[in-house]
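**Q** I'd like to ask some things about the structure below.
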């Protein structure tokens, strides 16, 4: 009787191993039986490969005229906003341009140029308001 129950347990284990070996997944794919059994038998539930990500060797450089061209776009956009006209560039494109300039440590120069445009616009508005008769 004890021998029969031990044989029954052995059958149950082999059924368990064979069902794991087939490895049915919810996506309908099946694993090969040998790889599942070997990983099951070795005690490693799923050996995984390492993915190594290396940094860039050199920092990517901006194109030669990128700063000047980008500044011209930004200047046109700011002036269009100040004059209540439509902007011919996409706002996302302008945002990314500013982000790129800041990432390359050009933010201080960008700030000075933007400030100068705003000051010039305000001076022009003040001059117009002074000439306006009340």
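Numbering (UniProt numbering), first residue to last: 1 to 134. Heads up, the beta-carbon is just placed ideally off N, CA and C, and yes, glycines get one too. Since the model is a prediction, treat every value here as computed from it, not as a measurement.
For residue 98, which of 84, 77 and 82 has the nearest alpha-carbon?
**A** Counting from one through the chain shown, the residue named residue 98 turns up at place 98. Considering only alpha carbons, the answer is 77.
**Q** With distances taken Cα to Cα, identify the nearest neighbour of residue 84 among 68, 121, 130 and 107.
**A** Here residue 84 corresponds to residue number 84 of the chain shown, with the count starting at 1. Closest option to residue 84, Cα to Cα, is 121.
**Q** Our contact map puts residue 71 next to residue 113 with C-beta atoms below 8 Å; I'd like the distance itself, whole angstroms only.
**A** Here the question's residue 71 lines up with position 71 in the chain shown. Here the question's residue 113 lines up with position 113 in the chain shown. Residue 71 to residue 113, Cβ: 6 Å. Contact.
**Q** Classify residue 74: buried if its beta carbon has 16 or more other beta carbons within 10 angstroms, exposed otherwise.
**A** Here the question's residue 74 lines up with position 74 in the chain shown. It counts as buried.
**Q** Just the Cα atoms here: how many angstroms apart are residue 62 and residue 100?
**A** Residue mapping note: residue 62 aligns to position 62 of the chain shown, counting from 1. Residue mapping note: residue 100 aligns to position 100 of the chain shown, counting from 1. In a straight line, the C-alpha of residue 62 is about 9 Å away from that of residue 100.
**Q** Would you report the Cα separation of residue 133 and residue 104, rounded to the nearest angstrom?
**A** Residue 133 sits at position 133 when you count from the first residue of the chain shown. Residue 104 sits at position 104 when you count from the first residue of the chain shown. Rounded to the nearest angstrom, the two C-alpha atoms are 48 Å apart.
**Q** Locate the alpha helix (DSSP H) running through residue 104, then write down its first and last residues.
**A** Residue mapping note: residue 104 aligns to position 104 of the chain shown, counting from 1. Unbroken run through residue 104: none, as it is neither H nor E.
**Q** I'd like the span of the alpha helix (DSSP H) that includes residue 85, first residue to last.
**A** Start at 1 with the first residue of the chain shown, and residue 85 comes out as number 85. Looking at the DSSP string, residue 85 is not in any alpha helix (DSSP H), and its letter there is neither H nor E.
**Q** From residue 50 to residue 56, what distance separates their C-alpha atoms?
**A** Stepping through the chain shown from its first residue, residue 50 is reached at position 50. Stepping through the chain shown from its first residue, residue 56 is reached at position 56. Taking the straight line joining both Cα atoms gives about 19 Å.
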